[in-house]
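Structure first, commentary second.
Numbering (the numbering used here), first residue to last: -13 to 739.
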């Protein structure tokens, strides 16, 4: 299968991406590039491209006699097309020259023959059938028609004709086109050649050039072994592993997050990272990076999190980064770098001193440090009263109960730390409860700069102990994704433990499904964003994470109804190289959401999260709870399957949507949910698959029309009628044909040929 596309490439490179559309593994045998002048196809611009359907030369020659280079200097391939039953041919051996400033530059060999009706009173008819594509249910078309008079006309002779598009009848996908002589014409119509193109959108521009250049250099420097190919952010479903991108209609995608933790990076930290001007978080933790931290990183205007934990960095932290940590604009995490100093003074060793002098100085220095530490502790206690939310750069070592209350844990956290008194001031003495879970109550709070936060305070009766608290805090510190709830800080003050989160003003998805109106488009977008958060846990984290308690109560919404997955208290890491599951002796999760295979084996996998997400998706579709009791106990999975077995998709939908949805989008989303909730985990898709399919559902809903896989064909039928496109160009006149709900609209445009 040959595909020819004409597009504007605004950059000095072009990326070609082949995607599996569920019809087989994509492959490519060859790729040829041809430069074209901008004037050759004026319909092509930076937002619209053309894909060739047919390029036909109306010549009765043998079908193997194609015209291409050198006859066509642009190496366009012109296939002979002729209906000998209904058409006659007019031809010449003379060179046919293009008109002055003619932009289309049709080759002379193509223009040396033209078709005309055998019956002079007849017309030339064309048609071709077009069917909607999955991602383009209402495709547009461009037809370029070529005409050249090849006969010396006698005085008084006139060849004049009209171009007519008869449209399509309801339910039909056939375009009928005819070229008819006018009443004043003394000669029948002619046509030399035609090109048919499908209009494609090229608004999905590539990633910002500087970001691409930076990531390409970083990939080369560290010899990254990840599947980093093509454009880093486009297509959105196939962005590079570990990257988070922002997408805007009016500008190129930007890289906003880089997670290269546990990637085996060696050498120094590349200053090229500083070219990622839109990056918000940069995670280079748990590698083998050496040398000093480049001060140029402090010039990143948007950087809010820099995680350098677990490397072999040395020297002092650059003053620019220290300044940002002090003013609270940057969360710098740098634990487990033994040779890293916080400032220049602490890294200075006196030169020329004898070893004896150093040995004598050590006890004295220790004594001074003890006194200083005592003073600092006293000052800190006073400061916590006057400025309870001042940022700190401290390390918290967790003590986990292991029979007694003094078992030591290796978990270490480095983030903004609050005292219990701090939390009291932030929450106005824990005045407003905004949620409750197994961990304890969740309170509303405000930081000193007015930032609204949510504080999850562990209750004394909570089953989640210090170990679970430290696990959740450690996970939240190192994962960063737009669809995961972010942690601002923590409190471990004696028996008091709390986590401080970003505030999600619209509460839980569970509350919205139960009592608020959500459109189908909103539901799809929430599902897609939740899936993206889980996909990041499974693929973007290293080692990957299993959430283990995916449910609507753990999906939070902000003021824009953007979804973020919350509550990682039950998360567990697993090792891809050893096994795709983790073993545990305790079944965790929420009834109605728990994977039945996990219940049997006690071994959660990523497919356990997929199962739970399938239940969440069914809740969004049906508006039902996971477990139903009316008229008899059942699950939302079985209830939905029963409706689908009767073909009653509408009866399975939440009635509050009032039929305002694309039915194909609903069918596809329901099928995805039921695939996710298959009994056997091997039959369930991955979260990456789910994300891709939900993106297709959303595209269908946003187009608000259905469509199946289809092909397009060009015909010369028995009556001699091929057909063309949504845009057709004829001699001296251009027509723009746009599909409307009641047919087609034809409007005159500027003459092009």
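All C-beta atoms, glycine included, are put in the ideal place defined by N, C-alpha and C.
Please name the residue, chosen from 255, 596, 167 and 317, that lies closest to residue 669 on a Cα-to-Cα basis.
-> 596
Straight-line CA distance for residue 530 to residue 467?
-> 14 angstroms
At what residues does the beta strand (DSSP E) containing residue 181 begin and finish?
-> 179 to 187
State whether the region 181 to 195 contacts the region 160 to 173, with contact taken as three or more CB pairs (one from each stretch) at a distance under 8 angstroms.
-> no
How is the alpha helix (DSSP H) around residue 406 delimited, first residue to last?
-> 406 to 412
Within 7 angstroms, strictly: CB atoms of residue 178 and residue 260 | no
If you count every other CB in all the chains shown that lies within 10 Å of the CB of residue 31, and 16 or more means buried, which is it?
-> exposed
C-alpha distance - residue 794 paired with residue 284, whole-angstrom precision = What the structure shows of the chain is the stretch from -13 to 739, and residue 794 is not part of that stretch, so it cannot be assessed.
Of all the options 551, 527 and 544, which has the alpha carbon lying nearest to the alpha carbon of residue 535?
-> 551
What three-state label does DSSP hand residue 268 in the structure shown?
-> strand
Does the separation of the CB atoms of residue 745 and residue 33 fall below 7 angstroms?
-> Limits of the chain in this structure are -13 at one end and 739 at the other, which puts residue 745 out of reach.
With a Cβ-Cβ cutoff of 7 angstroms, do residue 43 and residue 64 count as a contact?
-> yes
Can you give the Cα-Cα distance for residue 636 and residue 628, rounded to whole angstroms?
-> 12 angstroms
Other residues of its chain near residue 406: CB distance less than 7 angstroms, five sequence neighbours each side excluded = 477, 479 and 482
Which stretch, first to last residue, makes up the alpha helix (DSSP H) that contains residue 473?
-> Note, residue 473: premise wrong, no alpha helix (DSSP H); beta strand (DSSP E) at 473 to 479.
Roughly how far, in whole angstroms, is the beta-carbon of residue 431 from the beta-carbon of residue 439, given that I think they are within contact range, below 8 angstroms?
-> 5 angstroms
State the DSSP-derived secondary structure class of residue 585, mapped to helix, strand or coil.
-> helix
Opposite residue 245 in the DSSP bridges: which residues?
-> 269
Helix or strand or just coil, what does DSSP make of residue 590?
-> coil
What are the boundary residues of the alpha helix (DSSP H) that residue 660 is part of?
-> 649 to 662
For residue 612 versus residue 584, is the C-beta spacing smaller than 7 angstroms?
-> no
Going by DSSP, which residues form a beta bridge with residue 148?
-> 166
In chain order, what residues of the same chain have a beta carbon less than 6 angstroms from the beta carbon of residue 528, not counting five sequence neighbours either side?
-> 247 and 248
Validate contact between the region 516 to 526 and the region 671 to 684 using beta carbons, cut 8 angstroms, 3 pairs | yes
Integer-rounded CB distance, given that residue 148 should sit under 8 angstroms from residue 168 | 6 angstroms
Look up residue 520 in the DSSP assignment and say whether it is helix, strand or coil.
-> helix
How about residue 132 and residue 92: are their beta carbons less than 7 angstroms apart?
-> yes
Residue range of the alpha helix (DSSP H) that residue 811 falls in?
-> The structure shown does not extend to residue 811, since the chain is modelled only from -13 to 739, so the question has no answer here.
With respect to the alpha helix (DSSP H) encompassing residue 40, which residues constitute its N-terminal and C-terminal limits?
-> Note, residue 40: premise wrong, no alpha helix (DSSP H); beta strand (DSSP E) at 34 to 43.
Local Cβ density within 10 Å of residue 23, reported as buried at 16 or more and exposed below that | exposed
With burial defined as no fewer than 16 other Cβ atoms inside 10 Å of the residue's Cβ, what is the status of residue 18: buried or exposed?
-> exposed
Three-state secondary structure (DSSP) of residue 255 | coil
Can you name the start and end residues of the alpha helix (DSSP H) that residue 686 belongs to?
-> 673 to 689
Consult DSSP for residue 384 and reduce its assignment to one of helix, strand or coil.
-> At residue 384, the pLDDT of 35 sits below 50, so the modelled position is not reliable and the matter cannot be decided from this model.
By a C-beta neighbour count over all protein chains shown, 10 Å radius and 16 as the cutoff for buried, is residue 657 buried or exposed?
-> exposed
Could you pull the start and end residues of the beta strand (DSSP E) that residue 667 belongs to?
-> Element bounds for residue 667: n/a, residue is neither H nor E.
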